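Basically my numbering = 1-based index in the sequence shown + 1125.
A short worksheet on the structure shown next.
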Amino acid sequence: MVSAEPEIRVVVVTYRSGEVIGAFLDTLAKATARSYEVVIVDNSPELDEATAAAARRPEARLVRPGCNLGYGAAANRGAAGARGDWIVVANADISFIPGSLDELVDAAARWPRGGAFGPGIVNPDGALYPSARDLPSLGRGAGHALFGWFWPTNPWTASYRRERGAPKEMTTGWLSGSVQLLRREAFEAVAGFDESYFMFMEDVDLGRRLGLADWSSVYVPSAVVEHLGGHSTTRTSRRMVVAHHRSMVRYLCRQYSGPAYLPLRVLVTLGLGARLALALAFAKDSAGARATRSAEMLATGTRPR
1126 MVSAEPEIRV VVVTYRSGEV IGAFLDTLAK ATARSYEVVI VDNSPELDEA
1176 TAAAARRPEA RLVRPGCNLG YGAAANRGAA GARGDWIVVA NADISFIPGS
1226 LDELVDAAAR WPRGGAFGPG IVNPDGALYP SARDLPSLGR GAGHALFGWF
1276 WPTNPWTASY RRERGAPKEM TTGWLSGSVQ LLRREAFEAV AGFDESYFMF
1326 MEDVDLGRRL GLADWSSVYV PSAVVEHLGG HSTTRTSRRM VVAHHRSMVR
1376 YLCRQYSGPA YLPLRVLVTL GLGARLALAL AFAKDSAGAR ATRSAEMLAT
1426 GTRPR
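Here it is, written out as structure tokens:
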């Protein structure tokens, strides 16, 4: 449904996403009965015809920054000037299950101090992705970083991913940035995403800052979406590996910024450097991807989106 004063602004960040943006908009139309608008922020160096066609739909408009701003900065650009109560930030390779967006908004009524709401995210094979996680602690993060890429069932990884027990509606440290419903009041209160993160870790950082501002992040598994995953990063995987590690180091240095933590920062940065070399060596295969995901955790336990 489209309205002159939409309740929801959906911001979709694209990068050479022509083959998926049409399906994104098609499934979005069945995800809510509420009024909404769509802002497509296209970080691509050139505009493809499929994205241009998507932007011509009546509910959509296109923003072309002229350069690749990164995910968080592009999301902020798309959210600017929103007047409705809700902002959805999503990847273009998300497929909404019918009613899923309404399910998130309905859940928000149960959590008046909820600032961010994340759905259950399933992979194309139907497996549930662990998209609601605790903010990292040093011990849990180090355990996940060291063992998670070759021993995925280790206790540190299981604890970090909250994989014990059936999924339930609950507060959590942070939510996957692949798709979130954000209360505009809360999002604006923390000035949106930190744009110094070009890609990766901006969702972890947002969850941390929302919590510091007394807003909760809420996992709502009754709302379900499917995520193709990695669509816009597969073409430049080595560059993405470097961006991933750079964001991890940035998050680490900010979280442990005091002089007393200098030895820890040096040690973990060296560890991340070794993990980066390993991840780059295998950047095109699943082992490299697992190394990348676990490496991020070494930076005080942070994690990938």
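Yeah, the Cβ is synthetic: ideal placement off N, Cα and C, and Gly gets one too.
Everything numeric in this text was worked out from a predicted model, so none of it was measured.
- Distance from Ala1177 to Pro1223 at the Cβ level is roughly 27 Å; contact not present, criterion being Cβ atoms closer than 8 Å.
- Here Thr1297 has Ala1257, Ser1342, Tyr1344 as same chain residues with Cβ atoms under 6 Å from its own Cβ, once five neighbours each way along the sequence are excluded.
- Where Gly1147 is concerned, the enclosing alpha helix (DSSP H) starts and stops at 1143-1154.
- DSSP, read as helix, strand or coil, puts Val1315 in coil.
- By the CB criterion at 7 Å, Gly1209 and Tyr1322 fall outside the cutoff.
- Here Gly1191 is exposed. Its C-beta has fewer than 16 other C-beta atoms within 10 Å.
- Distance from the CA of Ala1241 to the CA of Ala1233, rounded to the nearest whole angstrom, comes to 9 Å.
- If you look at Asp1167, you'll find it in the beta strand (DSSP E) that goes 1161-1167.
- Look at the segment 1170-1214 and you find these whole runs of alpha helix (DSSP H), each 4 residues long or longer: 1174-1180, 1196-1204.
- As computed with DSSP, Ser1220 is found in a beta bridge with Glu1351.
- In this structure, Val1230 keeps its C-beta atom at 7 Å or more from the C-beta atom of Gly1203.
- Residue environment: Thr1139 is assigned as buried (16 or more neighbouring CB atoms within 10 Å of its CB, all protein chains considered).
- Burial check for Asp1167: the Cβ neighbour count within 10 Å reaches 16 or more, so the residue is buried.
- The distance from the Cβ of Ser1169 to that of Gly1243 is about 26 Å, inconsistent with a contact at the 8 Å cut-off.
- The Cβ neighbour count for Met1324, taken over all protein chains shown within 10 Å, is at least 16; the residue is labelled buried.
- Of the other Cβ atoms in all chains shown, 16 or more fall within 10 Å of the Cβ of Glu1327; this residue is therefore buried.
- Residues of the same chain with a CB within less than 8 Å of the CB of Gly1336, apart from the 5 flanking positions on each side, are Leu1260, Gly1298, Ser1342 in chain order.
- When the Cα atoms are used, Ala1185 and Val1135 turn out to be separated by approximately 9 Å.
- Residue environment for Asn1216: buried (at least 16 other C-beta atoms within 10 angstroms of its C-beta).
- Taken through DSSP and simplified to helix, strand or coil, Ala1232 comes out as helix.
- Where Arg1333 is concerned, the enclosing alpha helix (DSSP H) starts and stops at 1327-1337.
- Taking C-beta separations shorter than 7 Å and ignoring five residues to either side along the sequence, the partners of Pro1249 in its chain run Glu1351, Leu1353, following chain order.
- Contact check for Gly1206 against Pro1346 fails: the beta carbons are separated by 7 Å or more.
- Linking Ala1200 to Phe1318 through their CA atoms gives a straight-line distance of about 8 Å.
- Residue burial annotation: Leu1306 is buried, with at least 16 other C-beta atoms found within 10 angstroms of its C-beta.
- In this structure, the beta-carbon distance from Ser1225 to Ala1348 falls below 7 Å.
- Counting only residues of its own chain and dropping the five nearest sequence neighbours on each side, Leu1194 has a CB closer than 8 Å to the CB of Val1166, Asn1168, Arg1202, Glu1320.
- When the five nearest sequence neighbours on each side are left out, the beta carbons in the same chain lying within less than 8 Å of the beta carbon of Trp1340 are those of Arg1238, Gly1239, Gly1240, Ala1241, Arg1308, Ala1311, Ala1314, Val1315, in order along the chain.
- By the Cβ neighbour-count rule, Glu1174 is exposed, with fewer than 16 other Cβ atoms within 10 Å of its own.
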